[in-house]
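Encoded as structure tokens, the structure appears first; notes follow it.
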Amino acid sequence: MQQVIWGIIFLMLVLMLPVPAMAGKDQQSLIAEETVIVYNWSDYIPAGVLEDFTRETGIKVQYVTYKNNEIMYTKLKLLKGRGYDVLVPSTYMVERLRKDGLLQPLNKTLLSNFKQLDPELLNKPYDPSNEVSVPYLWGSVGLGVNSDNPAAASVSSWADLWHKQWRDKLLLLDDMRGVFHMALRLDGHSTNTTAPEEIKQAYERLRKLMPNVHILGEATANEAFETGAVDLGVLWNGDAFLAQSKKPAIRYVYPKEGASFWLDSFVIPARASNPENAHKFIDYMLRPEVAVRCVNELGYATPNVVAKAMLDAEIRDNPIIFPSAEVVAKAEFQRDIGDALELYNRYWAKLKAGY
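Under mature numbering (1 follows the signal peptide of the UniProt record, and there is no 0), residues -23 to -1, 1 to 332 are what the sequence shown spells out, in order.
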């Protein structure tokens, strides 16, 4: 029965693929000359950029989105590295995909803008020498607060979210690793722990938080703050930046226990149909002028040092986007947690189901 169920799941996923992945061999070769299939987070490329890329190169972009790293991983794993040409996973997922053999080495000779990236963000343990990944944007998971609400304005710790005054009033990001980070840090553990007892302890702490959650997994977290639906919540820094641009009272707080930091990178699946077009797309996204658009419109930091120098001082000096060295020193970047991911997933599913 389990094999039948997985067979049905696999069939459903394949049927959801863009047309090029389903085409016959001759047809696929023809399509490959003029398309690139990008599988990315929602709202994670500025409006008009894809159209500009097509206008310049003649390569059409088929754009497909996912909600989180785990959904993307499961789908690519089932498809054995086929179906897409460019993905944008976070650091820990790059590491996992690389270990599973689901990524192909990059041809740096086709990435002329790679040399403009900050060396401090390159050659990390999750991908030595950046063999399979190129940094795109980086940021954090922290606290969004409406400073017009005195109670929210005084928040400085992850622990503040557990106070009874916030019952049914919080926004909680649908980001498993980011949410578990809060509880793990409060319990004195690493955000990358694989110890079952520490993960369970974090789960038990998060169970006590759930009655305070009013919105879980809101796709447009910034709008929840802009409209006044919430005054306090856990969100990505880019959402806080966008909310503040519409409602100046919104602030972004890096909790004193340390925020969770991430870096998303471009990668090419092992069995991508259009690897040459994928390289062209990645190199286009690495252009300084394109990177500037990404920072200005999305609110996340670019690893492109040339682009950072081109930003207006108001953006370049904004701590929501570019945190201080002190904040970064307290933070922790996510790493691959191996087989422990299954345990995290199980507890996360229970939390979302109300258990």
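The beta carbon of each residue, even a glycine, is placed where N, CA and C say it ideally should be.
Between the CA atoms of residue j and residue i - distance to the nearest angstrom
i	j	result
residue 11	residue 50	26 Å
residue 133	residue 159	13 Å
residue 167	residue 69	14 Å
residue 172	residue 319	12 Å
residue 115	residue 140	30 Å
residue 264	residue 48	29 Å
residue 273	residue 229	17 Å
residue 282	residue 296	17 Å
residue 260	residue 90	6 Å
residue 185	residue 145	12 Å
residue 197	residue 107	32 Å
residue 24	residue 176	39 Å
residue 286	residue 293	8 Å
residue 142	residue 204	20 Å
residue 96	residue 235	23 Å
residue 213	residue 191	17 Å
residue 129	residue 280	32 Å
residue 36	residue 87	16 Å
residue 327	residue 310	25 Å
residue 131	residue 239	26 Å
residue 275	residue 170	30 Å
residue 290	residue 123	25 Å
residue 28	residue 127	44 Å
residue 307	residue 45	25 Å
residue 220	residue 201	9 Å
residue 174	residue 153	17 Å
residue 32	residue 38	11 Å
residue 277	residue 300	11 Å
residue 54	residue 252	18 Å
residue 101	residue 60	27 Å
residue 224	residue 298	17 Å
residue 302	residue 40	35 Å
residue 56	residue 92	33 Å
Residue nearest to residue i in terms of C-alpha spacing, selected from the options
i	options	result
residue 305	272, 232 and 269	232
residue 330	151, 90, 19 and 78	151
residue 84	286, 243 and 266	243
residue 15	257, 54 and 332	257
residue 316	95, 72 and 24	72
residue 66	202, 169 and 21	21
residue 216	60, 108 and 118	118
residue 345	105, 62 and 170	Here the chain covers residues -23 to 332 and nothing more, so residue 345 does not appear.
residue 266	255, 225 and 284	284
residue 30	19, 262, 56 and 178	262
residue 321	110, 299, 161 and 298	161
residue 218	241, 174 and 271	271
residue 199	60, 255, 121 and 300	121
residue 76	98, 55, 99 and 109	109
residue 187	60, 157 and 220	157
residue 103	299, 183, 241 and 269	241
residue 332	26, 56 and 182	182
residue 26	288, 303 and 269	269
Nonlocal neighbours in the same chain, by C-beta distance under 7 Å from residue i, ignoring five residues either side
i	result
residue 136	163
residue 125	226
residue 178	164
residue 147	138, 189, 190, 191, 207, 209 and 210
residue 288	269 and 272
Same chain only: Cβ atoms within 8 Å of residue i, ignoring 5 sequence neighbours per side
i	result
residue 78	58 and 247
Residues near residue i by beta carbon distance below 6 Å, same chain, minus five either side
i	result
residue 81	245 and 247
residue 180	324
residue 313	69, 72 and 73
residue 64	16 and 244
residue 206	none
residue 149	190, 193 and 211
residue 99	107
residue 254	13 and 36
Contact belief for residue i with residue j at Cβ below 8 Å, rounded distance in angstroms
i	j	result
residue 222	residue 155	Actually they do not touch by this definition, with Cβ atoms about 22 Å apart.
residue 112	residue 94	6 Å
residue 18	residue 42	6 Å
Self-check item: 3-residue-minimum beta strand (DSSP E) runs that sit fully inside the segment 97 to 126, ordered along the chain
Solution: 111 to 123
Practice problem: Counting only runs of 4+ residues fully inside the segment 253 to 294, write out the alpha helix (DSSP H) ranges in chain order. | Solution: Listed in chain order, they are 265 to 275, 282 to 287 and 290 to 293.
Self-check item: Uninterrupted beta strand (DSSP E) stretches inside the segment 133 to 175 (no shorter than 3 residues)
Solution: 147 to 149
Self-check item: Inside the segment 11 to 35 only - alpha helix (DSSP H) runs reaching at least 4 residues
Solution: 26 to 34
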